[in-house]
Amino acid sequence: MIMKKIATLLLAGMALITMASCGSTTSSTPESLSLDDSGNVVFDHVSITYGNPITGADGTAMRQLVSRFNELYEGQINVTETFMTETEYYESLLLTIPMKRAFDIALVHSYKIAGFANKGLLTPLQGIIDTADINIQREDYIESVYDSMYFEDMLYGIPLDIHTIVLYYNQDLLDQYSLDVPTNRGELIAAAQAMPNNSTSGWGLPLATTWPSEYTFTTALYQNGGLEIDEEGAPAYNTAAGVTALQMVSDLIHTYHVSPTNVSVDSDLMLFNQGKAMFHINGDWMLNSVVESGVNFGVTTLSKMFTTNYETDYASDIAARSHCFVLPDGRNDSIKQQAALVFAKYITENASLWAEQGGHVPASNIARATQEYLDLPHHEHYGDVNHFRLNATSPYYYEAFSPVFSRVTTALTTPGYDAMSLLDEAVAEGIQLVAEAKQS
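In this note's numbering, the protein residues as written are 64 to 503.
In structure tokens form, the structure reads like this:
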């Protein structure tokens, strides 16, 4: 099995090498760029490669956007797209970037940027933007998302979107029980408890014990003033806020009994889509699955749903991530780099299709101001984008924080769990993983 996995990675790497071999890996100077009378870079049949881990409905939208770009820039820039499963994709990047044979431009998750940049795997972008005078600037994006693209004061990414979790609700069930859409935790629990909360007649809020519990717990951590990591990048969640966050999520199962026990991944979604649940927590990326189910539903924000202190500055914060464009290190042809950023700018500013089919929120203010985006019926109800909170920046963020996810599952499946013991175990594992990552 191990040999098969190694062979698969090597084949993926060789495929990328073959695909990228026609491009120069030597740096060309800005003087080699061809400019028009206005000083804009002129592109003449420039071919670039683009990799991403985007499949499903997201993938369909991305294929269409690439096709539209190629049509618009015919004779100037042509983008060849390759997509893989997420695990294969990131493994292939780690394999091919050091060989200087990766894609010309790649789409990654925001929490990957610091780690990749710290290893020297990404090319800083600001100098390229300035050289070609490409109009990519902070004020045209959600500023907190744009700021998360920096590592050690250098810009490494252009954000495509921000994606988060939301509260789906069954409008027919709310009407049946004469209930309004909840605006805080107290209202949510009261509404969910109005349901019979049994397998025969339906549940208030079924919760899967694994995915997307990492988003749910992180949201609860934020809303109670907690942090994933400290300023040094060390785990920082074995605190009173961490204990409260576990309680806020697990009490829905163990105390309020608005969810069945031991719900598997997507079983909660299935109950909602079948009309057997009043509420459902999932990512915005599941929007079209709910639409296709035919259930009469709406969407609202999870702000103030995992805290009882509604007036704090952080009570409305919701855990979020971003897909963002990066330039892998070693792809040093100036023309291709410029073309890649023209492509990134186009996709981010025309992301209404991405929002429609993938459910995500465009990071570009320009995209969110289009009529196509404004006409989408549900996105405006996700919440205030300024409260969509991305993780703290650290090369070792995932190593430090991810050990808590399995402990969240333990809390959700175990009445009477010891919260601080679980968090202490996770922190100890996180410290070890960070130390190992620093030595690798």
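Glycine is no exception: its CB is placed at the ideal position from the N, C-alpha and C atoms.
With DSSP as the reference, label residue i as helix, strand or coil.
i, result
"arginine 126", "helix"
"alanine 402", "helix"
"asparagine 281", "The sequence as given places threonine at residue 281; asparagine does not occur at that position. Threonine 281 falls in the helix class under three-state DSSP."
"tyrosine 461", "helix"
"serine 322", "coil"
"serine 427", "strand"
"valine 244", "coil"
"tyrosine 373", "coil"
"tryptophan 274", "coil"
"alanine 253", "helix"
"glycine 265", "strand"
"threonine 145", "strand"
"leucine 218", "strand"
"phenylalanine 179", "helix"
"leucine 439", "coil"
"tyrosine 213", "strand"
"tyrosine 204", "strand"
"valine 104", "strand"
"asparagine 133", "helix"
"valine 328", "coil"
"alanine 195", "helix"
"leucine 161", "In the sequence as displayed, the identity of residue 161 is proline instead of leucine. It is coil, neither helix nor strand."
"asparagine 260", "coil"
"tyrosine 304", "Note that residue 304 is alanine in the sequence shown here, rather than tyrosine. Correct three-state label for alanine 304: helix."
"methionine 368", "coil"
"aspartate 99", "coil"
"threonine 477", "coil"
Bridge partners for residue i per DSSP, in chain order?
i, result
"alanine 169", "Gly114 and Val389"
"arginine 384", "His226"
"proline 298", "Ile292"
"tyrosine 231", "His343 and Val362"
"isoleucine 140", "Val109"
"leucine 185", "Pro391"
"arginine 452", "Ala382"
Measuring CA to CA, which of the options is closest to residue i?
i, options, result
"valine 150", "Thr118, Gly138 and Leu251", "First, the residue type needs correcting, since residue 150 is threonine and not valine in the sequence shown. Closest by alpha carbon: Thr118."
"aspartate 203", "Ala195, Ile221 and Thr194", "Ile221"
"histidine 382", "Val142, Glu291 and Asn103", "Reading the sequence as shown, one finds alanine at residue 382 and not histidine. Of Val142, Glu291 and Asn103, the residue nearest in Cα terms is Glu291."
"valine 353", "Thr364, Ala253, Lys367 and Gly338", "Gly338"
"valine 104", "Ile168, Ala414, Gln401 and Ile205", "Gln401"
"tyrosine 232", "Pro269, Val389, Thr279 and Asp396", "Pro269"
"valine 229", "Val448, Asn260, Ser130 and Pro466", "Val448"
"arginine 470", "Tyr213, Glu295, Ala491 and Asn336", "Ala491"
"leucine 309", "Pro425, Leu365 and Leu475", "Leu475"
"threonine 375", "His450, Phe106, Ile252 and Gly422", "His450"
"phenylalanine 360", "Gln234, Glu488 and Glu134", "Gln234"
"isoleucine 205", "Ile225, Thr318 and Met333", "Ile225"
"arginine 394", "Val497, Ala271, Thr112 and Pro245", "Thr112"
"leucine 453", "Glu435, Gly493, Ala177 and Asn428", "Ala177"
"tryptophan 274", "Val129, Gly267, Trp266 and Leu332", "Leu332"
"serine 415", "Asp396, Ile398 and Pro440", "Pro440"
"tyrosine 213", "Ala489, Thr456, Ser262 and Asp481", "Thr456"
"lysine 182", "Ile160, Thr145 and Pro323", "Ile160"
"arginine 248", "Ser465, Asp314, Thr186 and Ala432", "Asp314"
Around the Cβ of residue i, are there at least 16 other Cβ atoms within 10 angstroms (buried) or fewer (exposed)?
i, result
"proline 478", "exposed"
"alanine 124", "buried"
"valine 328", "exposed"
"asparagine 325", "exposed"
"tyrosine 240", "exposed"
"methionine 341", "buried"
"alanine 303", "exposed"
"asparagine 372", "exposed"
"aspartate 216", "exposed"
"glutamine 127", "exposed"
"glycine 421", "buried"
"methionine 311", "buried"
"proline 458", "buried"
"leucine 437", "exposed"
"aspartate 243", "exposed"
"histidine 423", "buried"
"serine 110", "exposed"
"glutamate 499", "exposed"
"serine 84", "Reliability of the predicted coordinates at serine 84 is poor, the pLDDT of 39 falling under 50, and the value obtained from them is presented with this limitation in mind. Per the 10 Å Cβ criterion, exposed."
I believe residue i touches residue j by the beta-carbon criterion, under 8 Å. Please report the beta-carbon distance rounded to the nearest angstrom.
i, j, result
"serine 276", "phenylalanine 468", "7 Å"
"glycine 289", "tyrosine 300", "6 Å"
"leucine 370", "glutamine 286", "At residue 370 the sequence reads threonine, which differs from the leucine that was named. The Cβ separation is near 4 Å, so the contact holds."
"serine 379", "alanine 426", "That pair is no contact at about 19 Å."
"alanine 53", "alanine 297", "Any question about residue 53 goes unanswered here, given that the chain covers just 64 to 503."
"leucine 486", "isoleucine 192", "That belief does not hold up - the Cβ atoms of leucine 486 and isoleucine 192 are roughly 42 Å apart, past 8 Å."
"leucine 188", "leucine 390", "7 Å"
"glycine 122", "phenylalanine 166", "The Cβ separation is near 16 Å, so there is no contact."
"leucine 223", "isoleucine 410", "6 Å"
"valine 321", "glycine 267", "3 Å"
"threonine 246", "lysine 367", "7 Å"
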